[in-house]
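The next block holds one structure in the form of structure tokens; read it before the comments.
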Amino acid sequence: MDTESTYSGYSYYSGRSRGSHRHGERSRDRDGHKCVTINTAPGEPLLRDPSGGEQVQDDTWGETTTAVTGTSDHSVSQEDVVRITKDLEDSVGVDCRGYLTRVLAVVLGLLVLLTPLAFLVLPHVLWPEKLQSCGTACEGLFISVAFKLLILVLAVWALFFRPDRATLPRVHVFRALLGGLVLLLVLSYWLFYGVRILDPQEENYLGVVQYAVSLVDVLLFIHYLAVVLLELRQIQTIFSVSVTRSTDGHTRTYSLGTLSVQRAALVIIEHYYCDFPIHNPALLSASKTRAAKHLDGLKVYSVDGELSAEGPGNPAAAGLSHSQSRAMIAAAARRRDSAHNELYYEEAEHERRVRKRRARLVVAVEEAFTHIKRLQEEEQKKKGGGEAIDPQEAAQVMDPREAAQAVFPSMARALQKFLRTTKQQHLHSMESIQRHLAFCVSTNMTPKAFLQSFLSPGPTLQYEPHHWTRQWTLVSEASVTSSIKEGSTFLLKTTDYSLVVTVQRVPYVSLDEEYQDPKDHKFVLRLQSETSV
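Everything in the sequence shown is counted per our numbering, starting at 28 for the first residue and increasing by one.
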């Protein structure tokens with residue numbers, strides 16, 4: 028089962044900041060939304076930005092992440108809920124809860140597996156002399172129980188024993204329901220077994236064997252129910268989910284089935300890693316700087332305040348200051364109106380620089396690959412012609428890694444300038460570039476294939492793991508265990524941006540049939556012998 032925990036009411040701090048806020052005042056979420064945190068399963072930059080405009084993500088940022096939830100619907104006071112959940116959070120960590128859940132799942136699985144065997148063995152151990160032999164019928168049932176248990180073990184392993192993809196905030200409702208149903212079934216069978224078989228010491232061993240077989244059959248039916256609820260139920264497409272990144276407006280649309288809010292959030296995050304281009308905050312700094320510059324150019328003056336050293340009673344000074352203020356405001360307004368011209372020329376200059384440095388980079392990479400290809404062709408000619416290879420030359424033959432390190436300096440300067448111009452220098456380290464170059468050389472890729480990773484931003488998983496966002500906060504007005512509905516909206520927040528998710532139901536389609544007679548497609552072509560002159 029998934030490792031999940033329930034919070035309610037206020038904001039909690041983890042890591043080093045937890046101790047400093049242990050006795051401090053806790054505040055509610057301003058919007059009154061329910062916020063829960065999703066943790067996904069767990070190089071030196073090539074050239075740092077000299078201006079320091081971009082912020083490098085701290086490696087220890089996860090220790091101070093906040094998880095906030097909405098108010099409780101029960102009659103228990105918020106102070107009691109906060110105290111109880113805080114004590115649980117302090118006493119049992121996320122890892123401990125995960126291990127505890129796995130231990131409980133293993134214990135329940137062993138109980139289910141050993142119960143039918145115990146039903147068959149206990150009569151031979153407690154009252155062997157009273158049992159009636161059933162002969163061939165019992166032996167056939169023994170084989171049936173053995174194969175059914177083997178099938179059940181393999182089916183449970185395939186469905187439940189999978190690597191954890193994420194740590195979800197709440198319990199998976201259907202898994203908890205199935206676990207409770209199995210536990211109730213096993214306890215009921217044990218109760219009946221103790222009352223009707225152990226106490227009277229049942230002598231009909233064939234009935235005991237049939238009783239164990241019936242338990243295994245019911246367990247197989249419960250596993251079939253688990254497949255329907257956990258796998259088949261969400262296959263059919265019912266909803267269309269639109270995901271928009273808040274910073275740049277990048278949007279993708281996905282099709283989902285009937286899922287809970289937290290399960291839908293997990294699916295969206297997995298798609299986000301593969302479909303969305305990586306978030307680059309450096310690209311947003313230019314627009315922010317431009318907006319700040321124009322705001323600085325617009326100054327507002329207090330006309331009604333003190334206008335001179337002689338005091339507010341001097342009307343001449345007041346009129347002069349008033350006219351000067353109006354003139355400066357008008358000049359600032361004219362400067363603001365010309366902002367579109369500045370934006371146009373800035374973008375044109377930036378595009379010109381990008382095209383220029385891209386051309387230099389393409390030429391440098393093509394020359395490096397041409398040099399490597401020429402060396403490979405010379406080596407193949409020597410091997411094919413049967414020429415004797417000098418031992419010193421044989422010792423100088425390089426593997427793809429060494430070849431990449433040898434030709435990398437010839438393209439490094441052009442690559443650095445291009446990455447700096449496109450603000451991607453923090454996304455690529457020297458080690459990752461050389462590793463990518465060695466891979467392209469070993470797989471005989473073209474220069475264009477090598478440059479594709481730098482010319483256009485790729486998905487998040489294409490880059491180093493320290494650029495991946497591993498911790499998300501789910502903000503939802505509805506309960507995260509409830510199913511998504513038409514019109515539902517929730518947010519997936521990180522430190523720098525958020526994903527706005529909107530759910531719409533796929534419309535009902537009415538498909539009609541119209542019969543087309545094959546004879547309607549027959550035509551007669553009449554050719555005239557005479558042509559007009």
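By construction, the Cβ of each residue, glycine as well, lies at the ideal position given by its N, Cα and C atoms.
For F517, count the other beta carbons within 10 Å of its own beta carbon; 16 or more makes it buried, fewer makes it exposed. Which is it?
buried
Can you tell me whether L501 is buried or exposed, with buried defined as 16 or more other CB within 10 angstroms of its CB?
buried
Quick check on V255 - is its C-beta less than 8 Å from some C-beta in chain B?
Of the protein chains in the structure, only one exists, and it is not chain B.
Could you give the DSSP three-state label for K450: helix, strand or coil?
coil
F550 lies in the alpha helix (DSSP H); which residues open and close that run?
F550 -> no alpha helix (DSSP H), and no H or E assigned at all.
Measure the CB-CB distance between V392 and P427 and report whether it falls below 8 Å.
no
Which word fits T449, buried or exposed, when buried means at least 16 other C-beta atoms lie within 10 angstroms of its C-beta?
buried
According to DSSP, which residues form a beta bridge with N231?
Q159
Cβ pair count under 8 Å reaching 3, the segment 486–505 against the segment 292–302:
yes
Below 8 Å on the Cβ atoms is my guess for Q289 versus L195; work out the distance and round it to an integer in Å.
5 Å
Can you list, in chain order, the residues of its chain whose CB lies under 8 Å from that of T264, leaving out five sequence neighbours each side?
S282, L283, G284 and V533
Among F481, Q461 and H453, nearest to H494 - alpha-carbon criterion
H453
Residue range of the alpha helix (DSSP H) that includes K475
P474 to L482
Distance between H377 and A292 (C-alpha atoms, nearest Å):
37 Å
Taking 7 Å as the cut-off, is the CB of L218 close to at least one heavy atom of the ligand ATP?
The ligand ATP is absent from the structure shown, which contains no ligand whatsoever.
Would you mind working out which of S510, F201 and Q443 sits nearest L478, comparing C-alpha positions?
Q443
Reduced DSSP secondary structure (H/G/I, E/B, other) of Q263
coil
Work out the CA separation of F396 and R382 for me, nearest whole Å.
21 Å
From what residue to what residue does the beta strand (DSSP E) around F517 run?
T516 to K520
Distance, F445 Cα to R384 Cα:
6 Å
Taking the alpha carbon of T508 as the reference point, which residue from G167, T128 and A203 has its own alpha carbon closest?
A203
Hey, quick one: how far does the beta strand (DSSP E) through Y216 stretch, first residue to last?
Element bounds for Y216: not the beta strand (DSSP E) but the alpha helix (DSSP H), V200 to Y220.
Exposed unless 16 or more other CB atoms sit within 10 angstroms - verdict on Q403
exposed
Identify, in the order they occur along the chain, each residue of the same chain with its Cβ nearer than 7 Å to the Cβ of R387, setting aside the five sequence neighbours on each side.
A441
What whole-angstrom Cβ distance do F266 and V434 have, given they're in contact under 8 Å?
Not a contact, Cβ separation roughly 51 Å.
Starting from the C-beta of Y300, find all residues in its chain whose C-beta is less than 8 Å away, skip the five residues before and the five after it, and write them out in chain order.
P486, T487, L488 and W495
Does DSSP classify R272 as helix, strand or coil?
strand
Tell me the rounded alpha-carbon separation between E491 and V133.
36 Å
Flag this pair as yes or no: are the beta carbons of L311 and I249 separated by less than 8 Å?
no
Please state if the CB of Y524 and the CB of R272 are separated by a distance shorter than 8 Å.
yes
Looking at C-beta atoms only, is the number of pairs between the segment 156–174 and the segment 233–253 that lie closer than 8 Å three or more?
yes
Answer with buried or exposed for Q543, where buried requires no fewer than 16 other C-beta atoms within 10 angstroms of its C-beta.
exposed
W499 (DSSP reduced to helix, strand or coil)
strand
Is Q461 helix, strand or coil when you go by DSSP?
helix
With H, G and I counted as helix, E and B as strand and the rest as coil, what does DSSP make of R197?
coil
Assigned secondary structure, V527 (DSSP; H/G/I helix, E/B strand, else coil)
strand
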